[in-house]
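Trainee: Take the sequence shown: its letter number 181 is residue 275 in this note's numbering, and every next letter is one higher.
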Amino acid sequence: MNFTEVQLLNSMAMFVFPLMRISTMFVSMPVFSTHTIPAQIRVILSGALAFIVMPLLPQLPQVEIMSYEGIMIGIQQVAIGLTTGFILQMVFAAVIFAGQGIAYGMGLGFASMVDPQNGQQVPVVAQIYMMLTTLLFLSLDGHLLLIKLLIDSFTSLPIGQIFDLNDVWAIITWGGRIFSDGLLLSMPVIISLLLVNVVFGVASKSAPQLQIFSVGFPITLMLGILLMWITIPDFLELLPDIFDGGYTLIKQLLRLA
Numbered sequence: 095m096n097f098t099e100v101q102l103l104n105s106m107a108m109f110v111f112p113l114m115r116i117s118t119m120f121v122s123m124p125v126f127s128t129h130t131i132p133a134q135i136r137v138i139l140s141g142a143l144a145f146i147v148m149p150l151l152p153q154l155p156q157v158e159i160m161s162y163e164g165i166m167i168g169i170q171q172v173a174i175g176l177t178t179g180f181i182l183q184m185v186f187a188a189v190i191f192a193g194q195g196i197a198y199g200m201g202l203g204f205a206s207m208v209d210p211q212n213g214q215q216v217p218v219v220a221q222i223y224m225m226l227t228t229l230l231f232l233s234l235d236g237h238l239l240l241i242k243l244l245i246d247s248f249t250s251l252p253i254g255q256i257f258d259l260n261d262v263w264a265i266i267t268w269g270g271r272i273f274s275d276g277l278l279l280s281m282p283v284i285i286s287l288l289l290v291n292v293v294f295g296v297a298s299k300s301a302p303q304l305q306i307f308s309v310g311f312p313i314t315l316m317l318g319i320l321l322m323w324i325t326i327p328d329f330l331e332l333l334p335d336i337f338d339g340g341y342t343l344i345k346q347l348l349r350l351a
């Protein structure tokens with residue numbers, strides 16, 4: 095059986111373009127983008143999914159892969175994949191922001207460790223919240239749902255199509271939720287610790303001989319740990335709603351909603 099050059103190029107395009115969309119999602123999505131997941135695993139998963147998607151693809155644009163049009167289509171696939179993973183990555187960024195605020199309120203901002211998500215130093219308190227968020231994300235099959243949405247997007251947002259300006263604005267608005275969601279998650283603990291510090295300040299000013307600040311740090315630390323223990327159930331109840339917001343935006347961008 096002989097294949098023409100056009101047939102070979104079309105076959106390559108049916109594999110390469112989906113591979114670009116899928117592999118870039120694995121680069122940016124939570125859990126799989128961490129340094130603890132070997133790059134070989136991401137490559138194997140991306141190649142396997144791209145191979146599975148090939149028979150399901152609608153008619154592709156008749157362009158050469160290395161032509162200007164082919165390169166632009168490749169850039170579009172990279173943008174779609176990166177954006178899909180980035181949206182949920184912002185939820186984890188909001189959790190880090192919340193954990194940092196709590197850590198500084200407890201006086202533990204100096205106690206930090208390497209975050210496997212991004213390889214940066216973050217407070218230990220933030221790392222605790224990150225581990226809880228990761229476990230919740232995996233227990234809800236969030237990674238499987240994200241992969242399913244991306245696979246479905248090859249039908250709803252075919253290769254050759256891209257986001258419009260309204261989608262770009264929605265992505266920018268979602269990025270601003272780092273601060274609002276981070277404050278929402280950390281507000282109970284931060285406000286409680288702030289009130290404790292205000293009480294210590296007033297007591298120290300009223301009775302300097304008591305030397306309140308000499309015992310203020312251990313009291314604040316113990317109270318912070320107690321407040322974390324009390325508020326973690328509420329924290330875990332809020333997270334699914336934030337994840338739902340991310341999946342809703344992804345469905346909107348991928349024309350699945």
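Note that the Cβ used here is the ideal one computed from N, Cα and C, for glycine as well.
Cβ atoms of Met119 and Leu244: under 8 Å apart, would you say?
Mentor: Yes, the Cβ-Cβ distance between Leu244 and Met119 is below 8 Å.
Trainee: What's the C-alpha gap between Arg115 and Ser308?
Mentor: About 57 Å.
Trainee: Okay, do the segment 166–174 and the segment 183–197 touch, 3+ Cβ pairs below 8 Å being the bar?
Mentor: As far as the Cβ criterion goes, the segment 166–174 does not touch the segment 183–197, which means the pair count is below three.
Trainee: Under 8 Å between the Cβ atoms of Leu321 and Val296?
Mentor: Cβ atoms of Leu321 and Val296: not closer than 8 Å.
Trainee: Run the CB neighbour count on Gln183, radius 10 Å, all protein chains shown included, and call it buried at 16 or more, exposed below.
Mentor: Gln183 is buried by the Cβ-count criterion.
Trainee: Can you name the residues that DSSP bridges to Gln255?
Mentor: In the DSSP output, where bridge partners are listed per residue, Gln255 has Ile253.
Trainee: Compare the Cα-Cα distances from Phe393 to each of Ala144, Val216, Gln156 and Met281 and report the closest residue.
Mentor: Since the first and last residues shown for the chain are 95 and 351, residue 393 lies out of range.
Trainee: If you reduce the DSSP assignment to three classes, tell me which class Arg136 lands in.
Mentor: Of the three classes helix, strand and coil, the one that applies to Arg136 here is helix, per DSSP.
Trainee: Give the list of continuous beta strand (DSSP E) stretches no shorter than 3 residues that lie fully inside the segment 324–348.
Mentor: Counting whole runs of 3 or more residues, the segment 324–348 contains no beta strand (DSSP E) stretch at all.
Trainee: Mind checking whether Phe109 and Ala142 have CB atoms under 8 Å apart?
Mentor: Against a cut-off of 8 Å, the Cβ pair of Ala142 and Phe109 comes out as no contact.
Trainee: Would the beta-carbon of Met123 fall within 8 Å of that of Leu202?
Mentor: Against a cut-off of 8 Å, the Cβ pair of Leu202 and Met123 comes out as no contact.
Trainee: Say whether chain C places a C-beta atom closer than 8 Å to the C-beta of Ile138.
Mentor: Judged by its chain identifiers, the structure shown contains no chain C, having just a single protein chain.
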